[in-house]
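Colleague: I'd like to ask some things about the structure below.
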Amino acid sequence: MAPVVPSHKFASLRGGGGGQAARTGLGRGLRHRGGLQKELAVAVEANELVRLSRSIERLQAFVRAHPRLLLITGAGCSTDSGIPDYRDGDGRWKRKQPIQFQDFLRSESSRRRYWARSLVGWPAMAAAAPNRIHRTVAAMEQAGQAWWTVTQNVDGLHQRAGSRKVTDLHGRLDSVTCLSCGARKARCLFQTELLDLNPAWRDADVAATPVPIAPDGDADLERADFDRFEIPCCERCGGVWKPDVVFFGENVPKPRVADVFAKLHEVDAVLVLGSSLMVWSSFRFVRAAVEAGQPVAAVNLGRTRADAALSLKVEAPAAEVLPCLVEQPA
1 MAPVVPSHKF ASLRGGGGGQ AARTGLGRGL RHRGGLQKEL AVAVEANELV
51 RLSRSIERLQ AFVRAHPRLL LITGAGCSTD SGIPDYRDGD GRWKRKQPIQ
101 FQDFLRSESS RRRYWARSLV GWPAMAAAAP NRIHRTVAAM EQAGQAWWTV
151 TQNVDGLHQR AGSRKVTDLH GRLDSVTCLS CGARKARCLF QTELLDLNPA
201 WRDADVAATP VPIAPDGDAD LERADFDRFE IPCCERCGGV WKPDVVFFGE
251 NVPKPRVADV FAKLHEVDAV LVLGSSLMVW SSFRFVRAAV EAGQPVAAVN
301 LGRTRADAAL SLKVEAPAAE VLPCLVEQPA
């Protein structure tokens, strides 16, 4: 086992302290201080490696002791697939909050803005491929370690990696539903309809301009003109199409929540991967597990809402830790 410690943890301690002294001509004293800084950085990095190695050993023991795990996965699990996360290491928003459900329902201009940004962001979401976290979770399921996976993500990458026992807590981005009659269609077909109604958005300049996207495929197009953007209506009833995801301000369907609570009664422990648990929709399951006496561990780079209640926390990217828990299939 050779865990890798994120290099950014030591970035502030590395660098040419001695080189800077040489450039400024401040002499041997500062060069000596620069050497001490480098030695300190090496010592700190060595201590971090030891700490991380011990944390992984404890996590391996945790998994062995609890053979039926409920996994809760968050946006940090899909960043290596090119899908950014919402929050920084302190749980603060990195970007503007996503569209609110009530705004989508009440405002046609909000829907125009949403679907225009989604049109631009969808190709990146559709092209995203599972990474080693998704593959490892699938391997854990096959090995019987992961009894069930509850994902906050809407990208469908767990299923594409081979996982079958998955609850998409916040829905899936790859389909859309009519809010009036319940008709459904694939998001890729809806993308074609959006482009057919908005040929100007096919322009090479629009398609080729890279823009940041959110975990829900929302592209940052603050300066775009959305007033003339056209949205298809439901062919069956003329209703409004909405992606099959739970917007902020919208409730997770009660049957879905009840099913996850039922799964908690079937498992030995909970393992959180790549999530700050800042949203109530997932945090409630961790709180329920703790109240029921079930241990909860987390692998996350940054604080989580449940830090005080965790039995074990590994402060590192899940992509670097999770493969240590299971043998990867050839």
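If you're matching positions, the sequence shown starts at 1 in UniProt numbering and goes up one per residue.
C-beta atoms are modelled at their ideal positions from N, C-alpha and C, and glycine is treated no differently.
According to DSSP, simplified to helix, strand and coil, what is I83?
Modeller: DSSP places I83 in coil when its eight states are reduced to three.
Colleague: Per DSSP, which one or two residues make a beta bridge with L69?
Modeller: Beta-bridge pairing links L69 to A146, A269.
Colleague: What does the alpha-carbon distance come out to for the pair L194 and A127?
Modeller: Going by the C-alpha atoms only, they are around 18 Å apart.
Colleague: Output the distance between the C-alpha atoms of D168 and D259, rounded to the nearest integer angstrom.
Modeller: Computed Cα separation, rounded: 11 Å.
Colleague: Give the secondary structure of V243 by DSSP, where H, G and I count as helix, E and B as strand, and everything else as coil.
Modeller: Position check: residue 243 holds Pro in this sequence, whereas Val was assumed. Here P243 sits in strand by DSSP.
Colleague: Based on the DSSP secondary-structure assignment, which residues constitute the bridge partners of residue 337?
Modeller: Summary: the structure shown does not reach residue 337, with the chain confined to residues 1 through 330, and so no result is reported for it.
Colleague: What span of residues does the alpha helix (DSSP H) with L103 cover, start to end?
Modeller: According to the sequence provided, residue 103 is Asp. The question's Leu does not apply to it. Start and end: 101-106.
Colleague: Just the C-alpha distance for L271 and V279, rounded to the nearest angstrom, thanks.
Modeller: Going from the Cα of L271 to the Cα of V279 covers about 17 Å.
Colleague: Can you find the residues in the same chain that come closer than 8 Å, C-beta to C-beta, to H158, ignoring five residues on each side of it along the sequence?
Modeller: Cβ within range, chain order: T73, P130, H134, V137, A138, T149, T151, V166.
Colleague: Between which residues of its own chain and V240 is the CB-CB distance below 6 Å, once the five residues before and five after are set aside?
Modeller: Only L179 meet the Cβ criterion.
Colleague: From F287 to A306, what distance separates their C-alpha atoms?
Modeller: At residue 287 the sequence reads Arg, which differs from the Phe that was named. Each residue's Cα considered, the two are about 8 Å apart.
Colleague: Pick from K185, I231, V50: whose alpha carbon is nearest that of S110?
Modeller: The residue with the shortest Cα to Cα distance from S110 is I231.
Colleague: Cutting at 6 Å between CB atoms, please list the residues of its own chain near M140, excluding the five before and the five after it.
Modeller: Hits under 6 Å: A146, V326.
Colleague: Secondary structure at F248, three-state DSSP: helix, strand or coil?
Modeller: Strand at F248.
Colleague: Three-state secondary structure (DSSP) at L26?
Modeller: Confidence at L26 is low in this model, with a pLDDT of 46, below 50, so its placement is unreliable and no value can be given for it.
Colleague: Which of helix, strand or coil does DSSP assign to D168?
Modeller: DSSP places D168 in strand when its eight states are reduced to three.
Colleague: What does K313 pair with, by DSSP beta-bridge criteria?
Modeller: Looking at the DSSP assignment, K313 forms a beta bridge with A298.
Colleague: Quick check on T136: does DSSP put it in helix, strand or coil?
Modeller: T136 falls in the helix class under three-state DSSP.
Colleague: Please state if the CB of S175 and the CB of R160 are separated by a distance shorter than 8 Å.
Modeller: No, they are not a contact pair.
Colleague: Which residue's Cα is closest to the Cα of C237: C181, K254, E266, F261?
Modeller: The candidate whose alpha carbon is nearest that of C237 is C181.
Colleague: Might you give, ordered along the chain, the residues of its own chain that have their beta carbon closer than 8 Å to the beta carbon of A116, omitting 5 neighbours on each side?
Modeller: N198, W201, L221, A224, F226, F229, listed in sequence order.
Colleague: Would you mind working out which of I99, C233, L173 sits nearest E250, comparing C-alpha positions?
Modeller: Closest by alpha carbon: I99.
Colleague: Under three-state DSSP, which class holds S55?
Modeller: The answer is helix: DSSP assigns S55 an H, G or I state.
Colleague: In the DSSP assignment, find the alpha helix (DSSP H) that holds F226 and state where it starts and stops.
Modeller: Here F226 belongs to no alpha helix (DSSP H), and DSSP marks it neither H nor E.
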